[in-house]
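Positions 1123 to 1674 (my numbering) are the ones given, in order, by the sequence shown.
Just so you know, even glycine gets a beta-carbon here, dropped at the ideal spot from N, CA and C.
Keep in mind it's a predicted model, so treat the numbers as computed, not measured.
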Amino acid sequence: MNRKLIDWPTFIAAFIILLGVVVPLVIFPEAGTEFVNKLNTFVSGNFGFLYLLMGLGVFFFLIFVAFSQNGHVKLGEKDEKPEFGTASWAGMLFSAGIGSSILYWGTIEWAYYYQGPPLGIDPSKQQLETIQWASTYGIFHWGPIAWAMYCLPAVPMAYFFYVRKKPIIKVSETLRPLLGGVSDTFIGKVVDVLFIFGLLGGAGTTLALGTPLITSGITDLTGLEDTMVLRTAILLGVTAIFALSAYMGLNEGIKRLSDFNLILAVFLLIFIFVTGPTLFISEATTNSIGLILDNFFHMSTWTEPFANFEGFKETGFPESWTVFYWAWWLVYAPFVGLFIARISRGRTIRQVIVGTIVYGSLGCLLFFGIMGNFGLYLQLTGAYDVVSVLNDQGAPIAIISIINQLPFAKFMVLIFVVLSVVFLATTFDSSSYILASVTQKEVEDGEPERWNRLFWAFTLCILPLTLMFLGGLGTLQTASIVGGFPLIFIFFLLAWSFMRASNGDLKADDKYRRKTIVLDYKKIREKIRQRRMKKKGTREQYNDETNDEKNE
Ligand code: NM2
1123 MNRKLIDWPT FIAAFIILLG VVVPLVIFPE AGTEFVNKLN TFVSGNFGFL YLLMGLGVFF
1183 FLIFVAFSQN GHVKLGEKDE KPEFGTASWA GMLFSAGIGS SILYWGTIEW AYYYQGPPLG
1243 IDPSKQQLET IQWASTYGIF HWGPIAWAMY CLPAVPMAYF FYVRKKPIIK VSETLRPLLG
1303 GVSDTFIGKV VDVLFIFGLL GGAGTTLALG TPLITSGITD LTGLEDTMVL RTAILLGVTA
1363 IFALSAYMGL NEGIKRLSDF NLILAVFLLI FIFVTGPTLF ISEATTNSIG LILDNFFHMS
1423 TWTEPFANFE GFKETGFPES WTVFYWAWWL VYAPFVGLFI ARISRGRTIR QVIVGTIVYG
1483 SLGCLLFFGI MGNFGLYLQL TGAYDVVSVL NDQGAPIAII SIINQLPFAK FMVLIFVVLS
1543 VVFLATTFDS SSYILASVTQ KEVEDGEPER WNRLFWAFTL CILPLTLMFL GGLGTLQTAS
1603 IVGGFPLIFI FFLLAWSFMR ASNGDLKADD KYRRKTIVLD YKKIREKIRQ RRMKKKGTRE
1663 QYNDETNDEK NE
């Protein structure tokens, strides 16, 4: 254990911030909840549009970067090969950024939209529009804009780490071209730990959704009662798995678990696709792609501004769904960005951007298209009334009962439960890994200290667990979503800092190239001159010799 490697101010500040948020919630649960809820209503009610604009802005910014000169820049040496093959890279990226929530929302999100449709559609009529949007909107919320948000911090961080060769990936380091020496002060530390708080809340949301899902599955399989003890046992079991994976490191642990995760996920998806309504799933998913492409701008900017005028009724859909989702992706983004940066050595910036957005969105499209449309099909054909189960018994039971409609039901529920555990673990192992990296001054051989990884693995789990027991987990989630608000501005700074640094480097490169071309040109002229001289010399010699012959 090398204590010198730890960046103690950041480490301690991060820990104190976490305790500073969690302890008051435990001591003053009611006052804390009221305060945080008010803040949340204020932020998402008044600044929801900023989240939407940020999402759209980030997406177009990255497309611009990918296809500009900056996109050609290689993260590493010019002739370096990617550290991980594309399949492993895409798999790790997906497993880190996506947790068990995709199994949760992928299966059930449509049922919420089916009852409370978007875009001002009248919810009292179960019309075609309601159904198509129910099948589509989830794909949008887990689509290209969301993945662009994950990618934005990755690009500057990877750039500074691999191209400018800074020894550590940190937000403050990445902002140095703008902030200069301020990066080393208290403000730099605040920027570095801010995202840890957001991550804790985002992870708390993930755990709060994932644990009941896993317990419902286990209850269904074993007949055990869904109690707090069972939930705690499950959480500790999951923690043990991801702590081990983070402890073993990037290649031995995280990559292996992520490969396993993908194999299991592909099996589940293929099974549902083949044994379920294959044609319906294919058609509904294709239809959704068209709907999203047609309405991309409308969906990404829909703010319901005219609700409450002229008797239109406000649905609250944009705040409760799109803005909430963007905020949730946003609080995860610095961590996923750091992780993407870490695994992208040897790729070009364009490959990172296009790969993250395309593979990420495609992966989510498969989950939502296959699992969501399977549930929707059960509802529409009357084979199973998912909506009633959802309303009467809650989402986790509704989800497990959808899986129960598959052939070999119990076996598939088992696969679903194992997959939920692994999906949770693959998100948490990478977050512990990253938390350990940012609380160090330097990482030896690219890997942070093992005890540091374990420390964060347990912290990430124990704090939400405490709140789950004592109440206040919901408040923490809301708090993190609000707490992530400043990230909108940090995103802007990250983009700016990257453009400044990379344009500067490109210009310097250009000058160097031009200089070398001029130098080369000078060299060539010199060579030609020498050759001419030589020729002239030989000609003169020849003339001299022939003259001599003549004279003889
Ligand atoms: N996001 C992708 O719970 C999870 O699956 C982790 C959630 C931000 C909605 C990420």
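Handout entry: Candidates K1658, T1503, L1331: closest to S1222 by CA position
Key = L1331
Practice task
State yes or no: is the C-beta of Y1555 nearer than 7 Å to some heavy atom of the ligand NM2?
Solution key: no
Exercise for the section: Label P1399 either buried or exposed according to how many other C-beta atoms from any shown protein chain fall within 10 Å of its C-beta, with 16 as the threshold for buried. Expected result: buried
Practice task
Below 7 Å CB to CB, which residues in the same chain sit around I1522 once its five sequence neighbours on both sides are set aside?
Solution key: S1338, G1339, D1342, V1535
Practice task
Determine the extent of the alpha helix (DSSP H) in which M1350 is found, giving its start and end residues.
Solution key: 1350 to 1370
Practice task
Give a yes or no on contact between the stretch 1499 to 1511 and the stretch 1361 to 1369, applying the rule of three or more CB pairs nearer than 8 Å.
Solution key: no
Problem - For R1464 and I1230, the rounded distance between their alpha carbons - result: 33 Å
Exercise for the section: On the DSSP bridge assignment, give the partners of K1196 in chain order. Expected result: T1470
Exercise for the section: Determine which residues share a DSSP beta bridge with I1128 and list them. Expected result: Q1562
Problem - Distance between beta carbons of I1537 and L1346, contact taken as under 8 Å - result: Not a contact, Cβ separation roughly 19 Å.
Handout entry: T1258 beta carbon less than 8 Å from that of L1106
Key = Here the chain has residues from 1123 to 1674 only, and residue 1106 is not among them.
Exercise for the section: Could you have a look at F1137 and say whether DSSP puts it in helix, strand or coil? Expected result: helix
Exercise for the section: Less than 8 Å between the CB atoms is what I'm expecting for G1310 and L1316, so what's the real figure, rounded? Expected result: At roughly 11 Å, the Cβ-Cβ gap does not stay under 8 Å, so G1310 and L1316 are not in contact.
Problem - Member of T1444, F1439, A1449, K1532 whose CA lies at the smallest distance from the CA of G1238 - result: F1439
Exercise for the section: Identify, in the order they occur along the chain, each residue of the same chain with its Cβ nearer than 6 Å to the Cβ of I1139, setting aside the five sequence neighbours on each side. Expected result: V1315, F1319
Exercise for the section: Compute the distance between the beta-carbons of T1261 and F1181, then report whether it is under 8 Å. Expected result: In the sequence as displayed, the identity of residue 1261 is Ile instead of Thr. For I1261 and F1181, no; Cβs fall outside 8 Å.
Exercise for the section: With DSSP as the reference, label Q1110 as helix, strand or coil. Expected result: The requested residue 1110 is not part of the displayed model; the chain covers only 1123 to 1674.
Practice task
Count the other CB atoms, across all protein chains shown, that sit within 10 Å of the CB of I1220; report buried if there are 16 or more and exposed otherwise.
Solution key: buried
Handout entry: Residue from R1467, E1564, F1171, P1278 with nearest C-alpha to M1621
Key = P1278
Problem - For Y1272, the nearest candidate out of I1610, A1630, T1208 (CA to CA) - result: I1610
Problem - beta-carbon T1549 near the ligand NM2 non-hydrogen atom, thresh 7 Å - result: yes
Exercise for the section: State yes or no: is the C-beta of I1363 nearer than 7 Å to some heavy atom of the ligand NM2? Expected result: no
Exercise for the section: Taking P1529 as part of the alpha helix (DSSP H), name the residues at either end of that continuous run. Expected result: First-last for P1529: undefined, no H or E at that position.
Problem - Where S1619 sits in the DSSP three-state scheme - result: helix
Exercise for the section: Can you give me the Cβ contacts of L1161 inside the same chain, cut-off strictly under 6 Å, excluding the 5 residues immediately before and after it? Expected result: V1604
Problem - At least three beta-carbon pairs within less than 8 Å, the stretch 1348 to 1360 to the stretch 1170 to 1179 - result: no
Problem - Any 3 or more C-beta pairs closer than 8 Å across the stretch 1541 to 1552 and the stretch 1514 to 1530 - result: no
Exercise for the section: Return the CA-CA distance between E1295 and F1457, expressed in angstroms with no decimal places. Expected result: 15 Å
Handout entry: Status (buried if at least 16 other CB within 10 Å, exposed otherwise) for H1263
Key = buried
Problem - Touching by the beta-carbon criterion (3+ pairs, under 8 Å), the stretch 1488 to 1497 and the stretch 1401 to 1409 - result: yes
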